[in-house]
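Novice: Numbering (this note's numbering), first residue to last: 651 to 842.
This is the structure I want to talk about, given as structure tokens.
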Ligand code: FMN
């Protein structure tokens, strides 16, 4: 990260007046593209003030203070033996650490992420043994820490060649759940 750039996502959301961050863990850009699409759609359809964020650019020890009226989205590709992308390594190690501790001193038993509402979509390839293990493991870890997932955890499959269909089928019920929970009205389509 460049000097002077804040690694505090809560500050960043506040300063830029955003209420939704779409984090991506991506090696060759596919997950990043889906993250951008989710961010755009959240804005155009539901009026969310979204931003896209590289997981590598932020710290997560303040995730226990994530406001309950905001939304975090995780779009995560899996590599190697079910491993994170390079830009997601630190995030993955943090949320899976045995002695996880947050900035306010909360430990795992305190359900520190009780305020966190999140959405999760994974990108994988079913010909690998550890299919979509990033999204599966991150979802497990966030839930264990008290977070609430909205909608299902999506899994896109490069191996079957159905990534796009998997994404499209996942996102509609996800948006329904998000809109219901956050009390968002879907906007009428506007053609200009
Ligand atoms: N997908 C899995 O589900 N499990 C894996 O273990 C896995 N390993 C991969 C290893 C390599 C070298 C490559 C190229 C892909 C692998 N994949 C695996 C599939 C990728 O997660 C998938 O292609 C994804 O769309 C890549 O996203 P990205 O472009 O954002 O990096």
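Ideal placement from N, C-alpha and C gives every residue a C-beta, glycine not left out.
#1: At what residues does the beta strand (DSSP E) containing residue 674 begin and finish?
#2: Are the beta-carbon atoms belonging to residue 831 and residue 792 less than 9 Å from one another?
#3: Relative to the C-alpha of residue 678, which residue among 839, 694, 657, 773 is closest?
#4: Sorry if obvious, but does the Cβ on residue 782 come closer than 8 Å to a heavy atom of ligand 3?
#5: Let me check understanding here. Comparing Cα to Cα, which of 656, 802, 675 lies closest to residue 738?
#6: I'd like to confirm the pairing. Which residues does DSSP put opposite residue 734 in its beta bridges?
#7: Are residue 806 and residue 684 touching if we call contact CB-CB under 9 Å?
#8: Would you call residue 823 buried or exposed, if buried means 16 or more other Cβ atoms sit within 10 Å of its Cβ?
#9: Return yes when the C-beta of residue 742 is under 8 Å from any heavy atom of ligand 1, and no when it is not.
#10: Report the partner residues of residue 702 according to the DSSP bridge assignment.
#11: Roughly how many angstroms lie between the CA atoms of residue 744 and residue 703, to the nearest whole one?
#12: Do residue 691 and residue 794 count as a contact pair if the criterion is CB distance below 9 Å?
#13: Go ahead and pull the three-state DSSP assignment for residue 651.
#14: Report all residues from its chain with a CB closer than 6 Å to the CB of residue 706; omit the five preceding and five following residues, and keep chain order.
Specialist: Here's the rundown:
#1: 670 to 675
#2: no
#3: 773
#4: By its list of ligands, the structure shown excludes ligand 3, since it contains just ligand 1.
#5: 675
#6: 728
#7: yes
#8: exposed
#9: no
#10: 672
#11: 17 Å
#12: no
#13: Note on residue 651: pLDDT 49, under 50, position unreliable in the model; no value is reported.
#14: 737
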